[in-house]
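Enquirer: The C-terminal position of the sequence shown is numbered 584 in the working numbering, with every residue numbered one higher than the one before it. Beta carbons are placed, not taken as given, at the ideal position from N, Cα and C, and that holds for glycine. As the structure is a computational prediction, the values presented were derived from the model and not from experiment.
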Amino acid sequence: MPLSRTTTILLAVAALLGALLLLPSGQHAGQVDLPVISAVDPAAVTRIQLVRAGQTTVIERDGERWFLRQPLQAEADASSLRTLVQTFTKDVPIDLRIDQGNLEDYELDDSNNIGFELFTGGAEPAISMVMGKDLPGGSTILRLPGSDTVYRARLGGRHRFDREATEWRNRLLLDMDPTQVVGIGLVGPLGALTFTRELYATTDGDAAPQPTPWRLVSGGGFVPDQITLDMLATSLARIRASELHAPDFGSGWEAPEASAEVVLNDGSVLHLDLITAPDGDAALAKVQGRPDVFRIASTWLRRFQWGPLEFQDKTIFGFAREQVDSIVLEEGLHRVRIQQDLGSKMWRVVEPVVMDADLRKTLYTVNALSDLRALRVSEGSEPGAAGLDQPRSRFIVELIDGSSVMLEVGHAFQEEHQTDAVYAWANGRLPIYEIRAEAYTRLRQAFLKN
Numbered sequence: 135m136p137l138s139r140t141t142t143i144l145l146a147v148a149a150l151l152g153a154l155l156l157l158p159s160g161q162h163a164g165q166v167d168l169p170v171i172s173a174v175d176p177a178a179v180t181r182i183q184l185v186r187a188g189q190t191t192v193i194e195r196d197g198e199r200w201f202l203r204q205p206l207q208a209e210a211d212a213s214s215l216r217t218l219v220q221t222f223t224k225d226v227p228i229d230l231r232i233d234q235g236n237l238e239d240y241e242l243d244d245s246n247n248i249g250f251e252l253f254t255g256g257a258e259p260a261i262s263m264v265m266g267k268d269l270p271g272g273s274t275i276l277r278l279p280g281s282d283t284v285y286r287a288r289l290g291g292r293h294r295f296d297r298e299a300t301e302w303r304n305r306l307l308l309d310m311d312p313t314q315v316v317g318i319g320l321v322g323p324l325g326a327l328t329f330t331r332e333l334y335a336t337t338d339g340d341a342a343p344q345p346t347p348w349r350l351v352s353g354g355g356f357v358p359d360q361i362t363l364d365m366l367a368t369s370l371a372r373i374r375a376s377e378l379h380a381p382d383f384g385s386g387w388e389a390p391e392a393s394a395e396v397v398l399n400d401g402s403v404l405h406l407d408l409i410t411a412p413d414g415d416a417a418l419a420k421v422q423g424r425p426d427v428f429r430i431a432s433t434w435l436r437r438f439q440w441g442p443l444e445f446q447d448k449t450i451f452g453f454a455r456e457q458v459d460s461i462v463l464e465e466g467l468h469r470v471r472i473q474q475d476l477g478s479k480m481w482r483v484v485e486p487v488v489m490d491a492d493l494r495k496t497l498y499t500v501n502a503l504s505d506l507r508a509l510r511v512s513e514g515s516e517p518g519a520a521g522l523d524q525p526r527s528r529f530i531v532e533l534i535d536g537s538s539v540m541l542e543v544g545h546a547f548q549e550e551h552q553t554d555a556v557y558a559w560a561n562g563r564l565p566i567y568e569i570r571a572e573a574y575t576r577l578r579q580a581f582l583k584n
């Protein structure tokens, strides 16, 4: 049966595109006069214009911030735009001339293409092109304005440009630098917690100000965990919404399920309220001073509802691993001692028999114990109920200065997030900690026979 004209054309286009994939990037014979998309200075970019399906999107820069000007007025996603501009910080070579005309075959016709213009302050764009379809391998088909010559170049993918105007809106909830956070306040069902720190100038005038440790201002009488609060400040700066909703979306804003307040070093305060989304699969957030409702992961609602135990210092040990002389594991009547030769820095099992130790596993145990941290401080656990009156394992770290520290491990259990854990305490004293069972298992491996 003879092929129809349409089928013949489609087969020819498919064959051509397949052949293009086999051609390497770079200039080829007869291609030495190919144009180049010239580099721009990212700091000089003032405006980006995109034309997609007949709709023009205009985005302008104001300092470090970007704003949608057409077809709507809103703050734009600075992170995505910075990534887009970075594509053109170096010359982008056009590596192949593909065809002349036949624009529909390459999605370069007006109903399918994406027009892109980038301005650096002048009336004429510094970069102007029309993009068609992507090719597997990272190349994109394009043409230059006023021309029907079809080219191939690496632009990072059409998807980075192919967005509705609303998709360019800023989805970052808090526009802040986490190193400038000097206060965090949380209000949830377990009460209110407030933490603060200061930034101080170093003796090196060119160095960035350094933070003091976090202090608990209100909400209990515990020592706050520095790593948890540092990570929270960093995470708050990165919260991104998966969707944006109208200002009246959701119910319960008059009594939010959790709230957070972030204080910056310049005195500004950022306030967030959170509720559960109507479908129960996410959280909704409102930022004071911004009209939109942001849909974010439900884990954020749980995090804002954390109580004192989640913020209590989780540091079990903190000693220099270079100061370790030996480590001992006692389990019932069994005792294994591994000691370091301070001259050769090698480790050997010296009890019950002398033999070489597994260096990799031993170093892991020494390093892990030297800065051991818990999942959390256990709430209301008693030593007997936690199995610490008769511990299943006892790790003793003997230091070069003659001092020692001890970790005792009790019963195993499964905590509320389905994580296997064990109870433990340090030096036979409260508090009782919860440690991941996986971490406990790895601590023991240095003492086990291969």
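Thinking C-beta only, is M265 closer than 8 Å to L278?
Expert: Sequence index remark: in the sequence shown, residue 278 carries index 144 (1-based). Sequence index remark: in the sequence shown, residue 265 carries index 131 (1-based). The answer is no: Cβ separation not under 8 Å.
Enquirer: Can you name the start and end residues of the alpha helix (DSSP H) that K227 belongs to?
Expert: Residue 227 sits at position 93 when you count from the first residue of the sequence shown. Correcting the residue identity first, residue 227 is Pro in this sequence and not Lys. Counting along the chain, P227 falls outside any alpha helix (DSSP H), though it belongs to the beta strand (DSSP E) covering V226 to Q234.
Enquirer: Among the candidates P205, L366 and P347, whose CA atom is the shortest distance from the CA of V357?
Expert: In the sequence shown, the residue the question calls residue 357 occupies position 223. Among P205, L366 and P347, the Cα nearest to that of V357 is on P347.
Enquirer: In the DSSP assignment, find the unbroken beta strand (DSSP E) run with E542 in it and report its ends.
Expert: By one-based count along the sequence shown, residue 542 stands at place 408. It spans S538 to Q548 - the beta strand (DSSP E) in which E542 sits, taken as one unbroken run.
Enquirer: Where I569 and I530 are concerned, what is the direct C-alpha to C-alpha distance, given to the nearest angstrom?
Expert: Within the sequence shown, residue 569 is the residue found at index 435, counting from 1. Within the sequence shown, residue 530 is the residue found at index 396, counting from 1. For I569 and I530, the distance between alpha carbons rounds to 17 Å.
Enquirer: Quick one: what does DSSP say L533 is sitting in, helix, strand or coil?
Expert: Walking along the sequence shown from the start, residue 533 turns up at place 399. The answer is strand: DSSP assigns L533 an E or B state.
Enquirer: Name the two residues that bound the continuous alpha helix (DSSP H) containing L289.
Expert: Numbered from its first residue, the sequence shown carries residue 289 at position 155. Looking at the DSSP string, L289 is not in any alpha helix (DSSP H), and its letter there is neither H nor E.
Enquirer: Would D364 pass as a contact of Q457 if the rule is Cβ separation under 8 Å?
Expert: Position 230 of the sequence shown, counted from the start, is the residue given in the question as residue 364. Position 323 of the sequence shown, counted from the start, is the residue given in the question as residue 457. No, they are not a contact pair.
Enquirer: Once you ignore the five residues that flank A335 on each side, which residues in its own chain have a CB closer than 6 Å to its CB?
Expert: In the sequence shown, the residue the question calls residue 335 occupies position 201. Around A335: P343.
Enquirer: Applying the 10 Å Cβ sphere with the 16-neighbour rule, what's the burial state of R305?
Expert: Residue 305 sits at position 171 when you count from the first residue of the sequence shown. R305 should be labelled buried.
Enquirer: Quick one, which of S245, D243, I232 and T254 has its alpha-carbon nearest L269's?
Expert: Stepping through the sequence shown from its first residue, residue 269 is reached at position 135. The candidate whose alpha carbon is nearest that of L269 is I232.
Enquirer: Between which residues of its own chain and L242 is the CB-CB distance below 7 Å, once the five residues before and five after are set aside?
Expert: Here residue 242 refers to the residue found at position 108 when the sequence shown is read from its first residue. Excluding sequence neighbours, L242 sits near V264, G266, I275, R277 and V284.
Enquirer: State the Cα-Cα distance for the pair F581 and L509, rounded to the nearest angstrom.
Expert: As a first step, residue 581 must be located in the sequence shown, where it is residue number 447. As a first step, residue 509 must be located in the sequence shown, where it is residue number 375. Each residue's Cα considered, the two are about 24 Å apart.
Enquirer: Per the DSSP calculation, G325 is bridged to which residue(s)?
Expert: Taking the first residue of the sequence shown as 1, we reach residue 325 at position 191. For G325, which the question treats as bridged, DSSP gives the partners G322.
Enquirer: Can you name the start and end residues of the alpha helix (DSSP H) that L366 belongs to?
Expert: Translated into the one-based positions of the sequence shown, residue 366 becomes position 232. Run containing L366: Q360 to L370, per the alpha helix (DSSP H) assignment.
Enquirer: Counting beta carbon pairs with one atom in the segment 361-379 and one in the segment 444-464, are three or more of them shorter than 8 Å?
Expert: Yes, the segment 444-464 touches the segment 361-379.
Enquirer: Expressed to the nearest angstrom, what Euclidean distance is found between the alpha-carbon atoms of H162 and I228?
Expert: Locating residue 162 in the sequence shown gives position 28, where the first residue counts as 1. Locating residue 228 in the sequence shown gives position 94, where the first residue counts as 1. Only weak support is given to the placement of H162: the predicted model assigns it a pLDDT of 47, under 50, and the value that follows is read from those uncertain coordinates. The alpha-carbon atoms of H162 and I228 are separated by roughly 11 Å.
Enquirer: Tell me which residues share the same chain as V316 and place their Cβ nearer than 7 Å to its Cβ, disregarding the 5 neighbours each side in the sequence.
Expert: Stepping through the sequence shown from its first residue, residue 316 is reached at position 182. T330, R331, E332, L333, V397, L398 and N399.
Enquirer: With DSSP as the reference, label Q439 as helix, strand or coil.
Expert: Translated into the one-based positions of the sequence shown, residue 439 becomes position 305. Note: Q439 maps to coil in three-state DSSP.
Enquirer: Check each candidate in E388, N561 and G441 and name the one with the smallest Cα separation from G355.
Expert: If you number the sequence shown from 1, residue 355 lands on position 221. Comparing Cα positions, the closest option is G441.
Enquirer: Quick check: L406 and K420, are their CB atoms within less than 8 Å of each other?
Expert: Reading the sequence shown from its first residue, position 272 is the one you call residue 406. Reading the sequence shown from its first residue, position 286 is the one you call residue 420. Result yes, Cβ atoms of L406 and K420 sit closer than 8 Å.
Enquirer: Leaving out five residues on either side along the sequence, give the residues of the same chain with a beta carbon under 6 Å from the beta carbon of T191.
Expert: Locating residue 191 in the sequence shown gives position 57, counting from the first residue. Contacts found: L184 and A299.
Enquirer: Of the residues L493, T499, R576 and D359, which one's Cα is nearest the Cα of M480?
Expert: Residue mapping note: residue 480 aligns to position 346 of the sequence shown, counting from 1. Per the Cα distances, L493.
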